[in-house]
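Numbering (the numbering used here), first residue to last: 311 to 608. First the structure, in the form of structure tokens, and then the observations on it.
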């Protein structure tokens with residue numbers, strides 16, 4: 311199965327759906343869907359509601375493997391079931407979509423112009439469960455806010471240090487050092503980031519593979535060298551706060567870069583939509599993101 315997933319992620323046409331809002335971002339995701347905080351009173355009820363939302367997305371006909379290559383899940387989603395199957399098994403075996411797991415525990419306080427990841431104390435246990443639940447890979451996020459060479463190096467070093475443990479567990483890590491789209495020196499940060507990532511990629515063995523999830527660069531095709539690197543399965547882009555239309559237009563200018571959007575995918579979905587309305591709305595989002603991922607301006 312992993313070889314089949316690897317071929318799909320490396321050579322397939324489409325994008326990755328990010329369905330991994332967790333912890334503090336879950337109430338915000340539910341509010342966007344039309345579920346307000348007065349509609350649940352406990353954390354368990356909140357996670358039940360968000361699983362209902364994600365189940366509705368994943369089971370919708372518009373969540374189409376012809377256009378969606380993979381999906382990134384929150385840990386609670388991985389451990390829950392859809393139609394009697396663990397979510398990863400449902401994605402892989404019913405939908406034909408490659409499952410990934412978000413493994414980070416959120417962001418540490420800002421230092422040197424960046425936010426590194428908080429320590430992941432239960433990583434070994436999480437990776438064991440990820441394998442048992444049929445995950446192909448993982449995802450973990452840091453944020454870069456300033457073109458601070460020391461800070462960016464710390465972010466990339468941490469990402470690849472954790473990434474190596476994920477590789478050793480037989481999974482493919484998605485390395486995600488996001489550059490804040492509102493950063494005053496975004497392009498400069500992206501140049502430093504590219505060089506730091508390349509240093510680590512060049513140190514990987516032939517059978518050690520990673521994916522990268524990066525902000526859409528200020529200068530088109532800035533990451534082409536990383537996209538073409540033999541140790542990189544795929545480079546995907548986050549929407550980063552851009553509207554879907556804006557993110558799609560910027561994405562089209564980058565050869566080989568595909569989407570891994572979250573808010574830009576689900577922003578117009580609402581709990582009170584009929585199934586037909588819900589599916590039509592989701593299909594419009596899926597089709598537009600697929601088009602931006604596959605049809606380039608280059």
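Just so it is clear, CB atoms sit at the ideal spot from N, CA and C, and this is done for glycine as well. All values derive from a computational prediction rather than experimental measurement.
Please name the residue or residues paired with residue i in a DSSP beta bridge.
| i | result |
| --- | --- |
| residue 523 | 546 |
| residue 412 | 449 |
| residue 501 | Residue 501 is not bridged to any residue. |
| residue 393 | Per DSSP, none; premise fails for residue 393. |
| residue 378 | 325 |
| residue 424 | 421 and 454 |
| residue 383 | 329 and 411 |
Alpha helix (DSSP H) containing residue i: first to last residue?
| i | result |
| --- | --- |
| residue 470 | 459-478 |
| residue 367 | 353-369 |
| residue 341 | 336-343 |
| residue 488 | It is not in any alpha helix (DSSP H) - residue 488 instead sits in the beta strand (DSSP E) that spans 482-489. |
| residue 438 | 433-442 |
Just mark residue i as buried or exposed, buried being the case when its beta carbon has 16 or more other beta carbons within 10 Å.
| i | result |
| --- | --- |
| residue 419 | exposed |
| residue 377 | buried |
| residue 351 | exposed |
| residue 315 | buried |
| residue 527 | buried |
| residue 513 | exposed |
| residue 590 | exposed |
| residue 423 | buried |
| residue 425 | buried |
| residue 572 | buried |
| residue 558 | buried |
| residue 461 | buried |
| residue 349 | exposed |
Cβ atoms of residue j and residue i: under 8 angstroms apart, would you say?
| i | j | result |
| --- | --- | --- |
| residue 486 | residue 450 | yes |
| residue 561 | residue 542 | no |
| residue 375 | residue 406 | yes |
| residue 599 | residue 579 | no |
| residue 433 | residue 481 | no |
| residue 499 | residue 457 | yes |
| residue 565 | residue 593 | no |
| residue 382 | residue 365 | no |
| residue 454 | residue 519 | no |
| residue 413 | residue 430 | yes |
| residue 294 | residue 380 | Examination of residue 294 is not possible in this model, given that the chain is present from 311 through 608 alone. |
| residue 447 | residue 410 | yes |
| residue 588 | residue 341 | no |
| residue 563 | residue 605 | no |
| residue 443 | residue 396 | yes |
| residue 570 | residue 328 | yes |
| residue 368 | residue 343 | no |
* To do: Please go through the stretch 533-588 and give each complete alpha helix (DSSP H) segment of 4 or more residues, from N-terminal end onward.
  => Segments of the alpha helix (DSSP H) lying fully in the stretch 533-588: 534-537, 554-562 and 573-576.
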